[in-house]
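If you're matching them up, the sequences are chains G and H in order.
For the first sequence, my numbering begins at 1 and goes up steadily by one.
For the second sequence, my numbering begins at 1001 and goes up steadily by one.
C-beta: ideal position from N, C-alpha, C; glycine also.
Presented below is the structure to which this report refers.
2 protein chains.
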Amino acid sequence: MAGTHQLATLQLAIMQVLWRSKEATVAEVREALAGDRDLAHTTIATMLVKLERKGVVDHRAEGRAYIYRALIEPQQVKSTMVTDLVERLFGGNLTAMMTHLLDESDVTREELSRLKALISRKEKETHDDV
Amino acid sequence: MAGTHQLATLQLAIMQVLWRSKEATVAEVREALAGDRDLAHTTIATMLVKLERKGVVDHRAEGRAYIYRALIEPQQVKSTMVTDLVERLFGGNLTAMMTHLLDESDVTREELSRLKALISRKEKETHDDV
DNA sequence: TGACACCTTCTACCGGAGTAGTAGAATTAA
DNA sequence: TTAATTCTACTACTCCGGTAGAAGGTGTCA
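This is the structure we're talking about:
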């Protein structure tokens, strides 16, 4: 099971900053998160160390500062976390998850037709290659 | 924010047993979980105490044993957890979540048409009552 | 009535997330 | 040169999930 990465809330928030800006120092991450969450400089730094130990970010020194960058793609994290939730909540049943999403949230007409188009496109792509 | 319940993996697994069987003793929960997870009796018992403290289960004594039952509905938990993930991962954008699901998982033809039917049904339900 | 089996309760421990203070190095300003 | 600023490194602490041993209560049955 390589490349599966569960990330907690703050960790994910930090990663999202890195994904957006390619690279960032502790101060820059902190700046980007300010407003939603006002955290101490050291808190961000600590989290980045933990993320690095986890192998999902990397850093290089530039002068006195460390510049961090993400080592994994948003897609990997999303896949892991969504798949995991579908597994835990719906026993891996994708349609059940979709049904829930459609039932519980108020989707607009426009979104519905966009989804329909998406499915049609997907149907064309899906050859009988199972 | 009442009625929002985040549950971790084991907690959710235990709740699912309770939802299926309406009521269960510690031993029964343990039995139901055996195979996937072989846990000590006391582990389940401890988790149930924690879940009770959290207000999501309840118990009554019958003879020497406690019989537990769920106090919340599966739907409440699913809503909370799905909504939360969509928020954290896709900034609350439902369509983005759906797109991801369609792109990343290998959906079969059959599932696709079932989804299409689902959307059509939803479209009929959705009056312009926004 | 004593031995055993079954149950809950209490307590404890580990690890990870989150939060941050403090120390010490380095760079800049005065 | 000294003082202030700005970083990282180290440490620690709380909370929670998960896991389970030890202890103590209670029922059963020969």
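Per DSSP, reduced to three states, the secondary structure at Val1107/H is coil, with no helix or strand assignment. Counting only residues of its own chain and dropping the five nearest sequence neighbours on each side, Met1047/H has a CB closer than 8 angstroms to the CB of Leu1010, Gln1011 and Ile1014.
The beta carbon of Thr4/G sits no closer than 9 angstroms to any beta carbon of chain H. Contiguous beta strand (DSSP E) elements confined to the stretch 19-84 of chain G occur at 57-62 and 65-70, taking only those with 3 or more residues.
Straight through space, the alpha carbons of Ile119/G and Asp106/G are spaced by roughly 19 angstroms. With respect to chain H, the C-beta atom of Ser113/G has a partner C-beta closer than 9 angstroms.
In terms of Cα proximity to Met98/G, the closest of Lys1078/H, Gly1003/H and Gly1091/H is Lys1078/H.
Annotation for Asp36/G: Ala13 place their beta carbon closer than 8 angstroms to its own, counting only its chain and skipping 5 residues before and after.
Counting only Cβ-Cβ distances below 7 angstroms, Glu1073/H has no contacts in chain G at all, with the closest Cβ about 12 angstroms away.
Counting only Cβ-Cβ distances below 7 angstroms, Lys78/G has contacts in chain H at Leu1089 and His1100, in chain order.
Under the criterion of beta carbons closer than 8 angstroms, Lys1122/H and Leu112/G qualify as touching, at roughly 6 angstroms. Ile67/G sits close to Ala24/G, with the two beta carbons spaced by under 9 angstroms. Annotation: Cβ neighbours of Glu104/G in chain H (cutoff 9 angstroms, chain order): Gln1075, Lys1078, Ser1079, Val1082 and Thr1083. At a C-beta separation below 7 angstroms, Thr42/G has no neighbours in chain H, since its nearest C-beta there lies roughly 24 angstroms away. Look at Leu118/G: its C-beta is under 9 angstroms from a C-beta on chain H. For the stretch 22-43 of chain G, the set of residues with a beta-carbon nearer than 9 angstroms to any beta-carbon of chain H is empty. The alpha-carbon separation between Arg1030/H and Ala1045/H amounts to approximately 9 angstroms.
The beta carbons of Leu1085/H and Val82/G sit closer together than 9 angstroms.
When Thr126/G, Ala27/G, Gly63/G and Ala65/G are compared, the shortest CA-CA separation from Glu1104/H is found for Thr126/G. At least one CB of chain G lies nearer than 9 angstroms to the CB of Arg1109/H.
Straight across, the Cα-Cα distance linking Gly1003/H with Leu1094/H is about 21 angstroms.
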